[in-house]
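My numbering runs 83 ahead of the 1-based position in the sequence shown.
A virtual CB, placed ideally from N, CA and C, is assigned to each residue, including glycine.
A quick note: this is a predicted structure, and the numbers were derived from the prediction, not measured.
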Amino acid sequence: MPGLITERNFPTSWTIKRFKYCAQICNGGEYSDIEVEEGGYPVIGSGGEFARASKFSYCGKSVLLGRKGTVDKPLFVDGAFWCVDTMFYTKIKDFMYEKYLYYCALCFPFDYYVTSTALPSMTQRDLGSQEIAVPPKKDQKAIADFLDKECAQIDSIAADLEKQIALLQQYKKSLITEIVTKGLDKSVPMKDSGVEWIGEIPVGWELSRIKYLTDNHHPYPIGDGDHGMIKADDYLTEGIPYIRVLNLTWGSGLNLENLVFISKEMNSLIKNSELKPNDILIAKTGATIGKTAIVPDSLPVSNTTSHVGKITLANVHDAKYFYYVMTSSIVQKQIQDISAMQSTRPELGIEGLKNLILTVPPFDIQQHIARFLDDHCAKIDRVLHEKGKQLSVIKQHKKSLIYEYVTGKKRVKEVR
């Protein structure tokens, strides 16, 4: 069974203790009955404070650990707080320096202990059995103080990279939106589109709902997948490619790294969502609603789940152009407005998908815009990829740094 401690090459003054002997692990609780609009105490979830409560679970320094959902991001809290029921909080023993225990928790092998792939979860038993290296308390403080300083510098670099990535992503989306609503030729006269949030469009362009742009000869020009017919147990390592929401990306096309397959027999049962190259795909449910991709030529026959909508356009339209329109703010706004009206989780039904409004220039202009955006977006994507690699490296460096010092592989000068 993997753990934080793999080698015992630290000073003789250090000991090994299970996490449950270093801190009492306590369950969080439901907060809805004690929520307040102002004042009160912070309600802490996996992403930090998100509400206020009239009561608190605990007052003091505590390490919070995920119980369900996001389980791999421990938090450190100092003061009175209410812990949600999807997390554990801890009452830390006197011989432990609280921030040191937090750094140890960051290195737990959460991937191994996750007990459910659908909704990742952790148990008190798994957390409590995790072994950690325990130096004398003064040495714990020295290590924690050192890591506070080093991690603050790393976090600053990471935050700067994340800001650069966010700005590049926003610039890319703004560029696409500008081009698919205003065109490339700035000398063309403009006209009122009749839609406030689209504004003016070039003369010669029109607006249309998706359902009027599709292939009338196709039996299912707009469709979605199997609606529960296919289960995870039906996935194969070869066969007909089966596109899931996780294969769609925000503005980077189709990700085939986690591609699964279904049998020809299964594929024959869900003809309404059978795909062909240049079909446009869109995530229509859940938190990632609106993610869009286009089916590449490398997938001559494929299919998709009910969570992914597909659009087969008529041949008189350029699919790549409309892929860009689907990723633009004008369509994403419509999707968010539709999903916001749902009483449960966000959802874009087939009718909602059919009635999305798109800008439609003449065919030659569609092609020209698609080529222009292919070129410019590829340049932006290369920079984004490089920034993403840098961010991944800096995060891994932070993780390795913490691990080396809380396991004694490296020592701060105050700790001998």
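7 angstroms CB neighbourhood of residue i in its chain, flanking five on each side removed
| i | result |
| --- | --- |
| residue 267 | 451, 452, 455 |
| residue 416 | 280 |
| residue 406 | 363, 375, 377 |
| residue 96 | 218, 219 |
| residue 288 | 442, 443, 444 |
| residue 186 | 227, 230, 485, 489 |
| residue 216 | 88, 93, 97, 99, 489, 490, 491 |
| residue 275 | 283 |
Residues near residue i in its chain [Cβ-Cβ closer than 8 angstroms; skip 5 each side]
| i | result |
| --- | --- |
| residue 234 | 481, 484, 485 |
| residue 251 | 463, 466, 467, 470 |
| residue 104 | 176 |
| residue 319 | 343, 344, 345, 346 |
| residue 321 | 344 |
Straight-line Cα distance separating residue j from residue i
| i | j | result |
| --- | --- | --- |
| residue 388 | residue 109 | 39 angstroms |
| residue 420 | residue 375 | 17 angstroms |
| residue 273 | residue 157 | 54 angstroms |
| residue 159 | residue 205 | 18 angstroms |
| residue 111 | residue 153 | 14 angstroms |
| residue 431 | residue 119 | 32 angstroms |
| residue 358 | residue 293 | 17 angstroms |
| residue 245 | residue 349 | 42 angstroms |
| residue 472 | residue 117 | 43 angstroms |
| residue 446 | residue 277 | 22 angstroms |
| residue 345 | residue 365 | 20 angstroms |
| residue 385 | residue 341 | 14 angstroms |
| residue 424 | residue 433 | 15 angstroms |
| residue 410 | residue 183 | 45 angstroms |
| residue 76 | residue 412 | Only positions 84 to 499 of the chain appear in the structure, and residue 76 is not among them; the question remains open. |
| residue 448 | residue 418 | 25 angstroms |
| residue 144 | residue 256 | 42 angstroms |
| residue 188 | residue 461 | 40 angstroms |
| residue 312 | residue 299 | 27 angstroms |
| residue 228 | residue 494 | 12 angstroms |
| residue 242 | residue 253 | 16 angstroms |
Cβ-Cβ distance between residue i and residue j below 8 angstroms
| i | j | result |
| --- | --- | --- |
| residue 490 | residue 394 | no |
| residue 326 | residue 391 | yes |
| residue 214 | residue 99 | yes |
| residue 383 | residue 337 | no |
| residue 173 | residue 149 | no |
| residue 441 | residue 399 | no |
| residue 368 | residue 429 | yes |
| residue 436 | residue 305 | yes |
| residue 226 | residue 488 | yes |
| residue 361 | residue 402 | yes |
| residue 223 | residue 171 | no |
Residues near residue i in its chain [Cβ-Cβ closer than 6 angstroms; skip 5 each side]
| i | result |
| --- | --- |
| residue 165 | 114, 124, 126, 136, 139, 140 |
| residue 492 | none |
| residue 307 | 356, 389, 392 |
| residue 270 | none |
| residue 155 | 193 |
| residue 142 | 163 |
| residue 301 | 395 |
Where residue i falls: helix, strand or coil (DSSP)
| i | result |
| --- | --- |
| residue 428 | coil |
| residue 417 | helix |
| residue 144 | strand |
| residue 281 | coil |
| residue 391 | strand |
| residue 266 | coil |
| residue 205 | coil |
| residue 261 | helix |
| residue 132 | strand |
| residue 291 | strand |
| residue 370 | coil |
| residue 404 | helix |
| residue 98 | strand |
| residue 118 | strand |
| residue 306 | strand |
| residue 492 | coil |
| residue 436 | helix |
| residue 380 | coil |
| residue 187 | helix |
| residue 397 | coil |
| residue 410 | helix |
| residue 103 | helix |
| residue 364 | strand |
Near the ligand ADP: residue i beta-carbon under 7 angstroms from a heavy atom
| i | result |
| --- | --- |
| residue 97 | This structure simply doesn't include the ligand ADP, nor any ligand for that matter. |
Exercise. Which residue spans inside the stretch 312-361 form an unbroken alpha helix (DSSP H) run of at least 4?
Worked result: 347-352
Problem set entry | Length-filtered (3 minimum) beta strand (DSSP E) runs lying within the stretch 440-475 | 440-443, all fully within the stretch 440-475.
Exercise. Residue ranges of each beta strand (DSSP E) run of no fewer than 3 residues wholly in the stretch 210-252, ordered along the chain?
Worked result: Qualifying beta strand (DSSP E) stretches, in chain order: 214-217.
For this session: Report the residue ranges of all beta strand (DSSP E) runs contained in full by the stretch 160-184; include only those spanning at least 3 residues, in chain order.
Result: Counting only runs of 3 or more, we get 170-175.
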